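Inspection log for the structure reproduced underneath, given as structure tokens.
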Amino acid sequence: MTRLSPLSVPYRAVQRSASIVFALAFFAFTGGTAFGGFLGGLGAVALVGVAVLGIAGYELAYFRRFEYELTPDTLDIRSGVFSRRNREIPYRRIQNVDISRNVAQRLVGIAAVNLETAGGGETEGSLRFVSYEEARRIQSEVARLKRGGTDGDAPEPEQELLFELTPRELAIVGALSFDLRLPGLVFVFGSTAFPIVASYVDVPVPAGSAAAAGVGIVALVLLVALVSWAAGFASAVVNYYGFRLTRVGDELQYERGLLQRYNGSIPLDKLQTLTVEDNPLKRRFGYATLLVETAGYAPGSDGSNGSGSGGRGSEAAIPLATRDRVLGLVADLEGVEVPTFEGPPTRIRRRYAVRYSLVLGAATLALYGANRFLPQEIPWFVPLALVPVAVVAGALQWRHRGYALTEDHFVTRNGFWKRETRFVPYYRVQTVIERRTIFQRRWRVSTVTADTAGSISLVGGDATAVDIEVADAAELRETLNDRLREALSARREARRQSRQAALGIRAAEPDRDADASDSEAVADDEADVSETPEFVEEAEPTTTEDENEGEDGETEAETETGVEREPDDPFIWGESVEAGDDDTEASDESADDSR
Numbered sequence: 001m002t003r004l005s006p007l008s009v010p011y012r013a014v015q016r017s018a019s020i021v022f023a024l025a026f027f028a029f030t031g032g033t034a035f036g037g038f039l040g041g042l043g044a045v046a047l048v049g050v051a052v053l054g055i056a057g058y059e060l061a062y063f064r065r066f067e068y069e070l071t072p073d074t075l076d077i078r079s080g081v082f083s084r085r086n087r088e089i090p091y092r093r094i095q096n097v098d099i100s101r102n103v104a105q106r107l108v109g110i111a112a113v114n115l116e117t118a119g120g121g122e123t124e125g126s127l128r129f130v131s132y133e134e135a136r137r138i139q140s141e142v143a144r145l146k147r148g149g150t151d152g153d154a155p156e157p158e159q160e161l162l163f164e165l166t167p168r169e170l171a172i173v174g175a176l177s178f179d180l181r182l183p184g185l186v187f188v189f190g191s192t193a194f195p196i197v198a199s200y201v202d203v204p205v206p207a208g209s210a211a212a213a214g215v216g217i218v219a220l221v222l223l224v225a226l227v228s229w230a231a232g233f234a235s236a237v238v239n240y241y242g243f244r245l246t247r248v249g250d251e252l253q254y255e256r257g258l259l260q261r262y263n264g265s266i267p268l269d270k271l272q273t274l275t276v277e278d279n280p281l282k283r284r285f286g287y288a289t290l291l292v293e294t295a296g297y298a299p300g301s302d303g304s305n306g307s308g309s310g311g312r313g314s315e316a317a318i319p320l321a322t323r324d325r326v327l328g329l330v331a332d333l334e335g336v337e338v339p340t341f342e343g344p345p346t347r348i349r350r351r352y353a354v355r356y357s358l359v360l361g362a363a364t365l366a367l368y369g370a371n372r373f374l375p376q377e378i379p380w381f382v383p384l385a386l387v388p389v390a391v392v393a394g395a396l397q398w399r400h401r402g403y404a405l406t407e408d409h410f411v412t413r414n415g416f417w418k419r420e421t422r423f424v425p426y427y428r429v430q431t432v433i434e435r436r437t438i439f440q441r442r443w444r445v446s447t448v449t450a451d452t453a454g455s456i457s458l459v460g461g462d463a464t465a466v467d468i469e470v471a472d473a474a475e476l477r478e479t480l481n482d483r484l485r486e487a488l489s490a491r492r493e494a495r496r497q498s499r500q501a502a503l504g505i506r507a508a509e510p511d512r513d514a515d516a517s518d519s520e521a522v523a524d525d526e527a528d529v530s531e532t533p534e535f536v537e538e539a540e541p542t543t544t545e546d547e548n549e550g551e552d553g554e555t556e557a558e559t560e561t562g563v564e565r566e567p568d569d570p571f572i573w574g575e576s577v578e579a580g581d582d583d584t585e586a587s588d589e590s591a592d593d594s595r
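Residues 1 to 595 (the UniProt record's numbering) make up the sequence shown, in order.
Written out as structure tokens, the structure reads:
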């Protein structure tokens, strides 16, 4: 068994002590008088000293009782100070081995290693901290053992550099990025602090005209835009400094980060969706971003990946490059090109224009009501001047929506300010959902969503064909289910032939032990079963569910194709890795029972 780096003890102790010492010191020197004068002086120092010694003792015990080992089949971790915990993580379940280092960790020479499993939204195992050389060794050894390697001297797979972000491209990434988090924090802080400051400072506010108030609003909007751009520029530089993307065997490996350095992998056989993302500025200069999404987990997706989504989501495979270069990588990874899209009906342009106009009308009414109660006149009629803009916005939204069916992929496009083109292989589809709100029923249109294991359809993370004709929606749902069945059948047949070929090669080896060959064949069968996506069968008859209230207060009628299994097919059982549902031990147990 191997222990963590000895340098992890002082680093973790200092890291934990910083916040606790600050809190204790603040309490002792500000509120300690409630316990007498002792805590206000030497007592505070003694209390802080005891806390530091306690933390140091705990970290030393944690170091001595934390061990890990790379066995031929599993990564074993033993940990726990007060209660022991033993974990065995099979290599076939490990999806990513991510390495992260901040500035202090790079100075000390240590790194954190996080082990992520397919379908898991949380870290399965974490080594905090080992030396950077040991972290790279763990990453490479796990990758080798996942491929079934046994000889430590076996040659490493060839590395191919796919993309490297130059300083000029990094500056362009920052120039085309916006981040609204900082203005939001300023607004929250200002709205909280302004009443407090105003109670101490008496500043006369001269009465101004409506024109002056309008100028002030415009200036505020420009200031927010400037701050958002500056925050986006800084965030892009910090996150994507030194970005490199390489193909190593059957994985994509990336490095990025200025203050926090990330080094992780994206398994190609776990890719669920590819997304080409752009905005008006990027389209104007011919740039785009490529996001990849895996089964339930995207490495490094902490909200700083440039996708603008927090939590687990998509990782930027290419933060910014020319659109042709991005589409070239899409063709290389999935063998698909951007097709010709079929958009919503022409009448839907009026629906979008009416929707935006109603928003402007609501804003006008709100400002008018505020104007009746405020002593100072405000330009409540300004939103009405934006009605022509609403008409143009509706036309742009209609123009940038569409869907297409290629030979192997379902492709959708949505959004104007943030346009996303999603490429989903048919065999990755989990469920096909057709829904229609009460407003869509008035316009005789529906929305069809192809749900995958890597996304949450409720928050719009899936490939969706929005506002298409009702008849076209029903046909699209049927077609997606048919092509899903065909794609799964083709994959099962290909894997069966590959397995038979492998067994034939093993049988031809004269010195091979028969028992070893049989055991490896069983292991291949188990791996094939665990990596086969669930078979999605259209329910007969189709179940239609009417909801009284939708998420947006709208009544919805939702038609969802159920998930069924083929009991006679030995290659389909339980929850699958590629479907992103193999992240718990319960699924493994159910798989064993079914076998």
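Note that beta-carbon positions come from the ideal geometry of N, C-alpha and C, so glycine has one too.
These numbers were taken from a predicted model, which means no experiment stands behind them.
1. Kindly indicate which residue of Trp-443, Phe-439, Thr-464, Arg-444 has the alpha-carbon position closest to the one of Asn-414.
2. Could you check the C-alpha separation between Asp-179 and Gly-232 for me, to the nearest Å?
3. DSSP puts Tyr-58 in a beta bridge; with which residues?
4. From the DSSP secondary-structure annotation, give me the bridge partner or partners of Ala-111.
5. So, helix, strand or coil for Asn-279, using DSSP?
6. Quick check: the Cα distance between Glu-277 and Asp-451, rounded to an integer number of angstroms?
7. Taking the alpha-carbon of Phe-163 as reference, which of Leu-245, Asn-114, Leu-226 has the nearest alpha-carbon?
8. Can you grab the Cα-Cα spacing for the pair Asp-524 / Ile-89, in whole Å?
9. Where Thr-421 and Arg-106 are concerned, what is the direct C-alpha to C-alpha distance, given to the nearest angstrom?
10. Leaving out the 5 sequence neighbours to the left and right, which residues in its chain are closer than 8 Å to Glu-169 when beta-carbon positions are compared?
11. Could you tell me the distance, in whole angstroms, from the CA atom of Arg-101 to the CA atom of Thr-74?
12. Take every Cβ of the segment 348–356, pair it with every Cβ of the segment 383–394, and state whether three or more of those distances are shorter than 8 Å.
13. Runs of 4 residues minimum, wholly inside the segment 313–401: which ones carry the alpha helix (DSSP H) assignment?
14. With which residues is Ala-463 paired in a DSSP beta bridge?
15. Would you call Trp-417 buried or exposed, if buried means 16 or more other Cβ atoms sit within 10 Å of its Cβ?
16. Skipping 5 residues on each side, what residues in its chain have a beta carbon closer than 7 Å to that of Leu-4?
17. On a CA-only basis, which of Glu-69, Gly-148, Ile-172, Ala-362 is nearest Arg-137? Give me that one, please.
18. Roughly how many angstroms lie between the CA atoms of Leu-60 and Ala-234, to the nearest whole one?
19. Per DSSP, what are the beta-bridge partners of Glu-255 in this structure?
20. Once DSSP output is grouped into helix, strand and coil, what is the label at Glu-549?
21. Where does Glu-156 fall in DSSP's three states?
22. Does the segment 355–367 come into contact with the segment 421–437, if we say contact requires no fewer than three beta-carbon pairs (one atom in each stretch) closer than 8 Å?
23. On the DSSP letters alone, give me the boundaries of the alpha helix (DSSP H) that Ala-171 sits inside.
24. Inspect the CB distances between the segment 467–481 and the segment 437–444 and report whether three or more fall short of 8 Å.
25. Take the Cβ of Ile-94 as the centre, count every other Cβ of all protein chains shown within 10 Å, and call the residue buried at 16 or more, exposed below.
26. How far does the beta strand (DSSP E) with Asn-414 in it extend, from its first residue to its last?
27. With DSSP as the reference, label Pro-72 as helix, strand or coil.
28. Is Pro-383 buried or exposed, if buried means 16 or more other CB atoms sit within 10 Å of its CB?
29. Taking only three categories from DSSP, how would you classify Ser-17?
30. Tell me the rounded alpha-carbon separation between Val-227 and Asn-86.
31. Assign Ala-474 to one of three DSSP states: helix, strand, or coil.
Taking the structure as given:
1. The shortest C-alpha separation from Asn-414 is found at Thr-464.
2. Their Cα atoms are separated by approximately 4 Å.
3. Looking at the DSSP assignment, Tyr-58 forms no beta bridge with any residue, so it has no partner.
4. Paired residues: Val-130.
5. Here Asn-279 carries a coil assignment [DSSP, helix/strand/coil].
6. Rounded to whole angstroms, Glu-277 to Asp-451 spans 19 Å at the Cα level.
7. For Phe-163, the closest alpha carbon among the candidates Leu-245, Asn-114, Leu-226 is that of Leu-245.
8. Reliability of the predicted coordinates at Asp-524 is poor, the pLDDT of 47 falling under 50, and the value obtained from them is presented with this limitation in mind. Roughly 18 Å between the two C-alpha positions.
9. The straight-line gap from Cα to Cα measures roughly 38 Å.
10. So the qualifying residues of the chain are Leu-320, Ala-321.
11. If you draw a straight line from the Cα of Arg-101 to the Cα of Thr-74, it is about 25 Å long.
12. When Cβ pairs closer than 8 Å are counted between the two stretches, the segment 348–356 is seen to touch the segment 383–394, the count reaching three or more.
13. Fully enclosed alpha helix (DSSP H) runs of 4 or longer: 323–334, 348–373, 387–399.
14. According to DSSP, Ala-463 bridges with Ala-450.
15. Trp-417 counts as exposed, since fewer than 16 other beta carbons sit within 10 angstroms of its beta carbon.
16. So the qualifying residues of the chain are Phe-63, Phe-66, Leu-127, Phe-129, Val-130.
17. Minimum Cα distance to Arg-137 is reached at Glu-69.
18. In this model, Leu-60 and Ala-234 are separated by some 38 Å (Cα to Cα).
19. DSSP lists Arg-244, Asn-263 as the beta-bridge partner residues of Glu-255.
20. Bear in mind that the predicted position of Glu-549 carries a pLDDT of just 39, short of 50, making it too unreliable to give a figure here.
21. DSSP places Glu-156 in coil when its eight states are reduced to three.
22. Taking a contact to require three or more Cβ pairs closer than 8 Å, the segment 355–367 and the segment 421–437 do not qualify as touching.
23. DSSP places Ala-171 inside the alpha helix (DSSP H), whose first and last residues are 167–175.
24. Cβ pair count under 8 Å is three or more, so yes.
25. So Ile-94 ends up on the buried side.
26. Under the DSSP assignment, Asn-414 falls in the beta strand (DSSP E) whose first and last residues are 409–414.
27. Coil at Pro-72, not helix or strand.
28. Flag for Pro-383 reads buried.
29. Helix.
30. Taking the straight line from one Cα to the other gives about 49 Å.
31. Helix at Ala-474.
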